[in-house]
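These notes concern the structure reproduced below.
Numbering (my numbering), first residue to last: 1 to 567.
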């Protein structure tokens, strides 16, 4: 099983920098940049401070929570552990009996000859040092694989991480039936027992300080979500957040600490009470100076996801269309309007809500059909797209992309030159076409995901030489220059509104090289450095119009003129 969720194609499939001048580039400057080889510096530098989050043009998609994650955002690493795996003496791995778990995921009892275990740090990049494991109850915990116990006491273990030995296995070998082991914490070396650093590691907070918005699509396990009712939601006290996602309370606390706006993706099957309860929690806990981006699910147009199939079925049931894709587009608009209406009711208006409708960047027809359905455009504030600069390599030739076998023989410089000559201009045209539609319907144009999209698809992901080449391209200094040109294009061609990059931090695999950084132990990379420099050099205007840009509906309601990039 892969350690990375596959994200395959940008077009009809699931695709899944540093300017030193502060002046806005002209169109002629942009065109010259797109045809010039201009790799950015490899160091983010400290010449300029991070902008206040409300003046940043950039957001970030945080990578999902899993034992193979490499961002390690929480002080308590157990929150990223895999759900318990049952084992039996003499049986194959993972072939123990069904575990007796409570509603939070803690083991209540073990059968004779069995134990439960979980994995952490599967893909590495965790900091070296002494880890402290705390727990309540009575029982026996053991460490195997990439760790060695150095001290043991009731309710407490200390261990040294040994990353060269692979993943860490934490085993529950015995638990008292009346006082079972529970509330296990695995504290990272920079989060000491006895202190109260909060749920987040300081390095994680520092990494994304200065970004405008945090999109929580993967933290919420949005794709193929099974959540329907409020009782299905993840809770702060859950044993691990890799099972159902990160609780809304934790996401809010992160935004409160960073001063960043949250972007929430409502589960596609969530009922009205779920949406209302979620919105109420946000209203009660979120800082009053922050606004909330609200989106219905993620990529409902994308047939690879369960949310598309659900929307298609619901849309056909309601008589919206006879074909699955049209029914899904229209149901997306219809349900998004309902969800936004609930948020407006809970918040008592729209001044702190941005009503997002998402569409396929490469297909303006999808956008037009979604916005025109029952005049839905009037009920949204922002059109969101994912204008990746893509190189989706298949076994056979596709357009300007040669077959995988030929691409795999290229040098890194050849591949990056192809991206510069073909992929970037294609992404710019997608921005241009979608901006025209957004302006036509009076909406902001924002990006729910953005960045490079170099990946093998349709079986080419199994070409090891191709995978090595694509990963090398992502690590090459010239990739920083491509990100600079790309973000310059977003500013000039798309208008420079909110652009949420995908994604924060993750190990590279055959399924893609999505992270700006590959792990929490990395502080610099061409992609990350370029993004940080661009963010510092291109803040939003420090004018009163910024509030109108953040919520153009409020400006329309008061008759104010919108700034050019918000029209």
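The beta carbon of each residue, even a glycine, is placed where N, CA and C say it ideally should be.
As assigned by DSSP and simplified to three states, the class of residue i
i	result
residue 80	helix
residue 303	coil
residue 100	strand
residue 240	coil
residue 486	helix
residue 434	helix
residue 265	strand
residue 46	Confidence in residue 46 is poor, its pLDDT being 49 and thus under 50, which makes the residue's placement too unreliable to answer from.
residue 453	strand
residue 253	helix
residue 393	strand
residue 209	coil
residue 235	coil
residue 179	coil
residue 512	strand
residue 320	coil
residue 225	coil
residue 230	helix
residue 540	coil
residue 388	coil
residue 288	coil
residue 314	helix
residue 67	coil
residue 192	coil
DSSP beta-bridge partners of residue i
i	result
residue 354	293
residue 382	356, 444
residue 425	DSSP, once it has assigned bridges, lists no residue as partnering residue 425.
residue 132	158, 187
residue 505	517
residue 116	86, 172
residue 500	59
residue 140	174
residue 214	60, 262
residue 398	401
residue 200	74
Spatial distance of residue i from residue j (CA atoms)
i	j	result
residue 463	residue 387	26 Å
residue 90	residue 239	28 Å
residue 98	residue 115	11 Å
residue 134	residue 78	10 Å
residue 211	residue 363	28 Å
residue 88	residue 370	53 Å
residue 74	residue 289	25 Å
residue 525	residue 123	18 Å
residue 163	residue 421	41 Å
residue 401	residue 407	8 Å
residue 228	residue 499	29 Å
residue 365	residue 231	38 Å
residue 324	residue 444	28 Å
residue 412	residue 62	28 Å
residue 280	residue 321	34 Å
residue 425	residue 310	34 Å
residue 275	residue 339	7 Å
Rounded Cβ spacing between residue i and residue j (contact assumed at less than 8 Å)
i	j	result
residue 389	residue 486	6 Å
residue 508	residue 471	5 Å
residue 269	residue 225	7 Å
residue 207	residue 221	About 22 Å; that fails the 8 Å criterion.
residue 150	residue 130	7 Å
residue 282	residue 261	Not quite, the Cβ-Cβ distance comes to about 11 Å (not below 8 Å), so this is no contact.
residue 501	residue 531	6 Å
residue 121	residue 153	Wrong, their Cβ atoms sit about 23 Å apart, outside the cutoff.
residue 476	residue 416	6 Å
residue 391	residue 419	6 Å
Start and end residues, alpha helix (DSSP H) containing residue i
i	result
residue 332	324-347
residue 407	404-407
residue 246	Neither: residue 246 is in no alpha helix (DSSP H) and is coded neither H nor E.
residue 275	272-285
residue 125	Note, residue 125: premise wrong, no alpha helix (DSSP H); not H, not E.
residue 535	526-537
residue 365	364-372
residue 466	464-475
residue 413	412-418
Run of the beta strand (DSSP E) containing residue i, from where it starts to where it stops
i	result
residue 175	168-175
residue 153	147-153
residue 107	107-109
Proximity test, residue i beta-carbon vs the ligand FAD heavy atom, cut-off 8 Å
i	result
residue 188	In the structure shown, the ligand FAD is absent, as is every other ligand, since no ligand is present at all.
Residue i at chain B interface by Cβ criterion, 9 Å
i	result
residue 534	In the structure shown, chain B does not exist; there is a single protein chain.
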